[in-house]
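Visitor: Chains A and B, in that order, are what the protein sequence lines are. Residue 288 in our numbering sits at position 288 of the first sequence, and the numbers go up by one each step. Numbering-wise, our numbering comes out as the position in the second sequence, counting from 1, plus 1000. The beta-carbon is built from N, C-alpha and C at its ideal position, and this holds for glycine as well. None of the values given here were measured: they were computed from a predicted structure. Have a look at this one before I ask anything.
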Amino acid sequence: MSRPTPFHPRTTAANRGWAYKEWAGFVAPCSYDRHSEREYVAFRHTVGVIDVSPLYKLDVRGPDAAALVARCWSRDATQMEPGRVVYATLSDDDGYLLDDGTITMLARDHVRVTSSEPWWAWMHDYARGLDVTLTDVSHLAALAIQGPLAADALAPLLDFDLTKMRFFRARRAKLAGRPVWITRTGYTGDLGYEVFCEPEHALALWDAIFEAGAPHGIEPCGLDALDVVRIEAGFVLQGVDYVTARLAPSPKRKSTAYEAGLGWTVELDRAPFVGQRAIRDEVRRGPAWATVGLDLSWEGLEALYARYDLPPHLAPIASRASVPVYDNGKKQIGQVTSSTWSPLLKRYIAIAQVQAKFATLGTQVQVEHTVDYERGVVGAVVAPRPFFDPPRKKAQPTLRSAP
Amino acid sequence: MSRLGTTSAPWDAVIVGGGHNGLVCAALLAKAGKKVLVLERRERVGGATLTEEHYPGFRYTVASYVVSLLRPWLWRELDLARHGLQLIPLETSFSPYPDGRSLCRGPDPIATREEIGAFSRRDAEIYPTFGKSMGRLARFVKRFVDQTAPDPTSFRPRDLAQLVGHGRAFRELPDDEEALLTRLLTASATDFLRETFEADELIAPMSCSGIIGTCLGVSSPGTAYVLLHHYMGEIDGASRAWGLARGGNGAVADAIASSAQASGVTIRTSAAVDKILVERERAVGVVLVDGEEIRARTVVSGCEPRLTMLRMVGRDHLPSDYTAGLERYKNRGSSGKVNLSLDFLPEFTCRPGDGHLRGDIAIAPSTAYLEQAFAEAKAGRWSRRPYLNVVIPSLLDRTMAPPGKHVMSIFVQYAPYHLADGPSSWPQHRDAFRDDVLDTLQEYCPRLRDAILHAQVLSPWDLEQELGLTEGNIFHGELTLDQILFQRPVAGWARYKTPVRDLWMCASGTHPGGGVMGAPGGLCAREMLAAGAL
Ligand SMILES: Cc1cc2nc3c(=O)[nH]c(=O)nc-3n(C[C@H](O)[C@H](O)[C@H](O)COP(=O)(O)OP(=O)(O)OC[C@H]3O[C@@H](n4cnc5c(N)ncnc54)[C@H](O)[C@@H]3O)c2cc1C
Chain A
1 MSRPTPFHPR TTAANRGWAY KEWAGFVAPC SYDRHSEREY VAFRHTVGVI
51 DVSPLYKLDV RGPDAAALVA RCWSRDATQM EPGRVVYATL SDDDGYLLDD
101 GTITMLARDH VRVTSSEPWW AWMHDYARGL DVTLTDVSHL AALAIQGPLA
151 ADALAPLLDF DLTKMRFFRA RRAKLAGRPV WITRTGYTGD LGYEVFCEPE
201 HALALWDAIF EAGAPHGIEP CGLDALDVVR IEAGFVLQGV DYVTARLAPS
251 PKRKSTAYEA GLGWTVELDR APFVGQRAIR DEVRRGPAWA TVGLDLSWEG
301 LEALYARYDL PPHLAPIASR ASVPVYDNGK KQIGQVTSST WSPLLKRYIA
351 IAQVQAKFAT LGTQVQVEHT VDYERGVVGA VVAPRPFFDP PRKKAQPTLR
401 SAP
Chain B
1001 MSRLGTTSAP WDAVIVGGGH NGLVCAALLA KAGKKVLVLE RRERVGGATL
1051 TEEHYPGFRY TVASYVVSLL RPWLWRELDL ARHGLQLIPL ETSFSPYPDG
1101 RSLCRGPDPI ATREEIGAFS RRDAEIYPTF GKSMGRLARF VKRFVDQTAP
1151 DPTSFRPRDL AQLVGHGRAF RELPDDEEAL LTRLLTASAT DFLRETFEAD
1201 ELIAPMSCSG IIGTCLGVSS PGTAYVLLHH YMGEIDGASR AWGLARGGNG
1251 AVADAIASSA QASGVTIRTS AAVDKILVER ERAVGVVLVD GEEIRARTVV
1301 SGCEPRLTML RMVGRDHLPS DYTAGLERYK NRGSSGKVNL SLDFLPEFTC
1351 RPGDGHLRGD IAIAPSTAYL EQAFAEAKAG RWSRRPYLNV VIPSLLDRTM
1401 APPGKHVMSI FVQYAPYHLA DGPSSWPQHR DAFRDDVLDT LQEYCPRLRD
1451 AILHAQVLSP WDLEQELGLT EGNIFHGELT LDQILFQRPV AGWARYKTPV
1501 RDLWMCASGT HPGGGVMGAP GGLCAREMLA AGAL
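Right under this line is the structure:
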């Protein structure tokens, strides 16, 4: 049975739609209404709040904390200053991708790792000879506060000047008088923060944030809206756009960090780390696959539907169904793994894995699309990812004037 | 703004008027490598897509307030999202009634069915089916809108469909849909809706989209067709297309201007054109009011057709049948606008809270009410109890007002340009007009006046003076059947060309007409490029 998160009393009270799904063993709202329009708007125009407590969280402590993280993950954590956060990947010995997540240097001897799967035992096995302790802190409550007015909602509750906090930084703070860790991170590709706290503070924090956020249009948001914004932001999702090598049903379903479009997280030339040799070989050879953004032709879609005498019809939520991608000679060259209509961009966008030679920007491909139970194809072009990348994501936020 | 444009600059095109259509046209021409100069009379671009601050901290979406049908192909081609344009979909359509009941239609189909069911179970069940049929028919309108108007011979509904090259599709429509389309092209909004629905409380607010910007009533023939525009947005993508531009409608113009500049367009503001220079029956440039002369290979007017042809060109250069056509062209402004800065959100007595206010609010309680409102307009008065279309942008877009405060946009119809004592008497009547508007709304929102910090009132006279909209018509000419497609603005001259060589028109007075669509500007640019005009 799925477990409630520490915010459950608030998230269920706010939920008018009763659509939930399971996320890492927890109950997670898909949307708070019978649609997710308002939540999407909140993420992109005001402030959306999503309960991300189901993320796995691991605390690594001790003099060798950074060394262990560096040994397992794609980043050289030993070079990170306290207060820094990085996005990182975890690979196996063969260089196949296991997970992606964040590494936060809370202190020189205290690193926190968030991930989509649990890696306590995995990392434990690599800790031999190192002076570290590994603690699963997944019980911590975590809330992502995301959107152009996120700083407005949080700043008045904090004991420091939030506007000075830079992108991908972390710090300990008091939020509404409660001890928290706050990071300027998120999964929406916009201005946003994540707050971590002990579960006993969760409800008080929720209440304070929603009260402070009310004049800024704050809304609780579910996974459906998140899925649309993360595709706009071009982020891949473990279990959807790639599968952790540990659970891949076949070798073909495994990906490397480079193939998943996460090669940029790999710091290759440093002390040995898990998968380093395999990844180095792969880089030398060149990755076989690439993860790309696709821009599907709206005119092509209209034409396809017109053949059935129908207006084009797309679901108002993101699709995680994988569909084949073909070259112009009808040979399958990959698959779309996530796709969505972007209300903001007025484009039908997708994330796809294709053979590396088709990854050049501007390459024309065909994507399968089903109309009236029949499979057809729609033209698409390889487009830059992120699809949406507003300057405010990294800029210093200016707060709205007080009333 | 820069004054880079010297009189000798070899401009391929000079665009008169920096409304959104002029800017779209400029951007597309520049993208094709042309040297383009835009001349705008006001100190900022936008025309009827304009955001301005008239009270500190409160921003008004001054004239147009909803982005309805801005063409998605332009959105993509001009990369408007990257140039800052962000649309916030309107969530709901809310209508209060004097008896304390109300109706809220929203994105949740089940909730909407329950809402309508309180007035008619039959209507509630049929409402989604109606939407589906209209969505199918809207494809025809979409083809009108995304293509240059056809060359016509007759004007029967069936021909109309054939004209746009879709006769086959039209013939293949199921009989009931063919009948529906035929009715749509000829019927009045209320007659058409009554064939499907029975609840006047539903018919009245739905019928209003048929009259916006025209001096017709909801029971005047030909008003049904515009209903399709409402459904057209639904097939432009997977989400609703009707929405607010973040930062008000001025953001639409700003994004297009930014895209245009990125493609090399030069924009000069505070540059009012006095005359379009015609030499040997060709347009060769323009003269500004301060006498500056700017020469170009082509001149494109982003202004209303009568203003362009009769005032800037002059009858001497025009064939008399064209002039006569323009004189018949109906502008007849019939709407006004009131923008309010509010200290707090005044609630509606019939339904407290704000969940139902995150969209548009129609004060259109019955068809009889709308008819009465129209009757007064015919008599040369503004409606004492007008149709109001209200939006509270700050509920969806917090950048429009300080935290906790709000701005309200009230579109008012009827406010006829031709008052009984003449259009220029409007300034004397402005306060009385405003009071009638506020009284109308206050019947539903008793604390409205307590909340008002500032009000901006725009009569059709003001729209003409301020924005250059002839007779205050919001669409540069009514969007009635006799003034659309190949008859806009004048039969035979519907393809952005004019009788003056090298003079083109690209704004709402050309096909497919007014609204924040960008379609006339976009199609004009395509035609000019296809014709090798520059
Ligand atoms: C009150 C009101 C409400 C409306 N509401 C909506 C709505 O909600 N949704 C919608 O889709 N549409 C709405 N419309 C219609 C829509 O705004 C217009 O159809 C559209 O904006 C017109 O754009 P345009 O570029 O064709 O012309 P305009 O915006 O009129 O641009 C013409 C430009 O030419 C300039 N100009 C005039 N004279 C000169 C000169 N001598 N020299 C140089 N420049 C000159 C003007 O200043 C202006 O910038 C509304 C209009 C009004 C007035």
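1. From Glu1371/B to Pro9/A, what does the alpha carbon distance come to, in whole angstroms?
2. Applying the criterion that 16 or more other CB atoms from any shown protein chain within 10 Å of the CB defines a buried residue, is Phe26/A buried or exposed?
3. If you measure from the beta carbon of Asp1397/B to each beta carbon in chain A, is any gap under 8 Å?
4. From the beta carbon of Gly1522/B, is the nearest beta carbon of chain A less than 8 Å away?
5. Would you check whether ligand 1 has a heavy atom nearer than 7 Å to the C-beta of Leu1467/B?
6. Go through its chain and collect everything with a Cβ distance to Arg246/A's Cβ below 8 Å, but skip five positions before and after it.
7. Compare the C-beta of Leu1087/B against all C-beta atoms of chain A and say whether one is closer than 8 Å.
8. Between His1166/B and Met1232/B, what straight-line distance do the alpha-carbon atoms span, to the nearest angstrom?
9. Hey, would you say Pro1393/B sits closer than 8 Å to Ser1409/B, going by beta carbons?
10. Would you verify that the beta carbon of Gly1404/B is, or is not, closer than 8 Å to some beta carbon of chain A?
11. Do Val1407/B and Asn1339/B count as a contact pair if the criterion is CB distance below 8 Å?
12. Does Arg1143/B come within less than 8 Å of chain A when only Cβ atoms are used?
13. Kindly say whether His1020/B, judged by its beta-carbon, lies nearer than 8 Å to any beta-carbon of chain A.
14. Return the Cβ separation of Leu237/A and Ile50/A in integer angstroms, given the expectation that the two are a contact with Cβ distance under 8 Å.
15. DSSP three-state label for Ala380/A, please.
16. Is any heavy atom of ligand 1 found at a distance shorter than 7 Å from the C-beta of Asn1331/B?
17. Any chance the stretch 1082-1093 of chain B sits against the stretch 1254-1264 of chain B, with 3 or more Cβ pairs inside 8 Å?
18. Which word fits Pro403/A, buried or exposed, when buried means at least 16 other C-beta atoms lie within 10 angstroms of its C-beta?
19. In chain order, what residues of the same chain have a beta carbon less than 6 Å from the beta carbon of Leu68/A, not counting five sequence neighbours either side?
20. Between Gly1017/B and ligand 1, is there a pair consisting of the residue's CB and a ligand heavy atom that are separated by less than 7 Å?
21. Compare the C-beta of Thr104/A against all C-beta atoms of chain B and say whether one is closer than 8 Å.
22. Do Leu158/A and Leu58/A have their CB atoms nearer than 8 Å?
23. Can you find a CB in chain A that lies within less than 8 Å of the CB of Ile1015/B?
24. On the premise that Ala1027/B lies in contact with His1078/B, defined as a C-beta separation below 8 Å, what is that separation, rounded to the nearest angstrom?
25. In the DSSP assignment, what are the bridge partners of Lys1497/B?
26. Specify, as a first and last residue, the run of the beta strand (DSSP E) that Trp1382/B falls within.
27. Looking only at C-alpha atoms, which of Arg400/A, Leu399/A, Phe7/A and Phe388/A sits nearest to Asp190/A?
28. Can you check whether the C-beta of Gly217/A is within less than 8 Å of a C-beta belonging to chain B?
29. If you measure from the beta carbon of Asp1110/B to each beta carbon in chain A, is any gap under 8 Å?
30. Do Val113/A and Gly101/A count as a contact pair if the criterion is CB distance below 8 Å?
31. Nearest to Ala1283/B by alpha carbon, out of Leu1318/B, Asp1439/B and Ala1251/B?
32. Taking only runs that begin and end inside the stretch 313-375 of chain A, name each unbroken beta strand (DSSP E) of 3 or more residues, in chain order.
33. Using the beta-carbon of each residue, which ones in chain A are nearer than 7 Å to Glu1201/B?
34. Kindly say whether Gly1117/B, judged by its beta-carbon, lies nearer than 8 Å to any beta-carbon of chain D.
35. Can you grab the Cα-Cα spacing for the pair Ser1154/B / Ala1491/B, in whole Å?
36. Do Arg400/A and Asp152/A count as a contact pair if the criterion is CB distance below 8 Å?
Guide: Based on what the coordinates show:
1. One-based indexing of the second sequence puts residue 1371/B at position 371. One-based indexing of the first sequence puts residue 9/A at position 9. So the alpha carbons of these two residues sit roughly 51 Å apart.
2. Taking the first sequence and counting its residues from 1, the one referred to as residue 26/A is at position 26. Flag for Phe26/A reads buried.
3. Within the second sequence, the letter at position 397 stands for residue 1397/B. Output row for Asp1397/B: interface = yes.
4. Counting from one through the second sequence, the residue named residue 1522/B turns up at place 522. It does not; no Cβ of chain A falls within 8 Å.
5. Walking along the second sequence from the start, residue 1467/B turns up at place 467. Result yes, Cβ under 7 Å from ligand 1.
6. Numbered from its first residue, the first sequence carries residue 246/A at position 246. Asp92, Leu98 and Glu117, listed in sequence order.
7. Along the second sequence, one-based indexing puts residue 1087/B at 87. Yes, Leu1087/B lies at the interface with chain A (some Cβ there is under 8 Å from its Cβ).
8. Within the second sequence, residue 1166/B is the residue found at index 166, counting from 1. Within the second sequence, residue 1232/B is the residue found at index 232, counting from 1. Bear in mind that the predicted position of His1166/B carries a pLDDT of just 49, short of 50, making it unreliable; the figure below should be weighed with that in mind. The alpha-carbon atoms of His1166/B and Met1232/B are separated by roughly 17 Å.
9. Along the second sequence, read from residue 1 onward, the residue named residue 1393/B stands at position 393. Along the second sequence, read from residue 1 onward, the residue named residue 1409/B stands at position 409. Against a cut-off of 8 Å, the Cβ pair of Ser1409/B and Pro1393/B comes out as a contact.
10. For this step, residue 1404/B is matched to residue 404 along the second sequence. So yes, Gly1404/B belongs to the interface.
11. As a first step, residue 1339/B must be located in the second sequence, where it is residue number 339. As a first step, residue 1407/B must be located in the second sequence, where it is residue number 407. Going by C-beta atoms, Asn1339/B is nearer than 8 Å to Val1407/B.
12. Reading the second sequence from its first residue, position 143 is the one you call residue 1143/B. Not an interface residue.
13. Counting from one through the second sequence, the residue named residue 1020/B turns up at place 20. No, His1020/B does not count as interfacial toward chain A.
14. Translated into positions along the first sequence, residue 237/A becomes position 237. Translated into positions along the first sequence, residue 50/A becomes position 50. Not really, about 14 Å apart at Cβ, beyond 8 Å.
15. The count along the first sequence starts at 1 and reaches residue 380/A at position 380. Looking at Ala380/A - three-state DSSP - the assignment turns out to be strand.
16. The residue labelled residue 1331/B in the question sits at position 331 within the second sequence. Because no heavy atom of ligand 1 lies under 7 Å away, the Cβ of Asn1331/B does not count as near it: no.
17. yes
18. As a position in the first sequence, residue 403/A is number 403, starting the count at 1. Summary for Pro403/A: the model assigns pLDDT 40, below 50, so the residue's position carries little reliability; its value from the coordinates is reported in the next sentence. Classification for Pro403/A: exposed.
19. Numbered from its first residue, the first sequence carries residue 68/A at position 68. So the qualifying residues of the chain are Val60, Ala127, Leu130 and Val132.
20. For this step, residue 1017/B is matched to residue 17 along the second sequence. At least one heavy atom of ligand 1 is nearer than 7 Å to the Cβ of Gly1017/B, so yes.
21. Here residue 104/A corresponds to residue number 104 of the first sequence, with the count starting at 1. Not one chain B Cβ lies under 8 Å of Thr104/A.
22. Against the first sequence, residue 158/A aligns to sequence position 158. Against the first sequence, residue 58/A aligns to sequence position 58. Contact: no.
23. Here residue 1015/B is taken as the residue at index 15 of the second sequence, counted from 1. With 8 Å as the cut-off, Ile1015/B does not count as an interface residue toward chain A.
24. To locate residue 1078/B, count along the second sequence from 1; it is residue 78. To locate residue 1027/B, count along the second sequence from 1; it is residue 27. In the sequence as displayed, the identity of residue 1078/B is Leu instead of His. Indeed they touch by this definition, with Cβ atoms about 5 Å apart.
25. Position 497 of the second sequence, counting from 1, holds the residue named residue 1497/B. DSSP lists Trp1504/B as partners of Lys1497/B.
26. By 1-based counting over the second sequence, the position of residue 1382/B is 382. First-last for Trp1382/B: undefined, no H or E at that position.
27. In the first sequence, the residue the question calls residue 190/A occupies position 190. Here the closest residue by C-alpha is Phe388/A.
28. Counting from 1 along the first sequence, the entry for residue 217/A is found at position 217. Yes, contact with chain B.
29. Here residue 1110/B is taken as the residue at index 110 of the second sequence, counted from 1. A small correction: the amino acid at residue 1110/B is Ile; Asp does not occupy that position in the sequence shown. Yes, contact with chain A.
30. Your numbering for residue 101/A matches position 101 in the first sequence. Your numbering for residue 113/A matches position 113 in the first sequence. Going by C-beta atoms, Gly101/A is nearer than 8 Å to Val113/A.
31. One-based indexing of the second sequence puts residue 1283/B at position 283. Of the listed residues, the one whose Cα sits closest to Ala1283/B is Leu1318/B.
32. 323-326, 332-342, 347-355 and 364-371
33. Along the second sequence, read from residue 1 onward, the residue named residue 1201/B stands at position 201. Within 7 Å Cβ-Cβ: nothing; Glu1201/B doesn't reach chain A, min ~24 Å.
34. Given the protein chain composition of this structure (A and B), no chain D is represented.
35. To locate residue 1154/B, count along the second sequence from 1; it is residue 154. To locate residue 1491/B, count along the second sequence from 1; it is residue 491. Any reading at Ser1154/B is ruled out, since the residue's pLDDT is 49, under 50, leaving its predicted position unreliable.
36. For the purposes of this step, residue 152/A is taken as residue 152 along the first sequence, with counting starting at 1. For the purposes of this step, residue 400/A is taken as residue 400 along the first sequence, with counting starting at 1. Yes.
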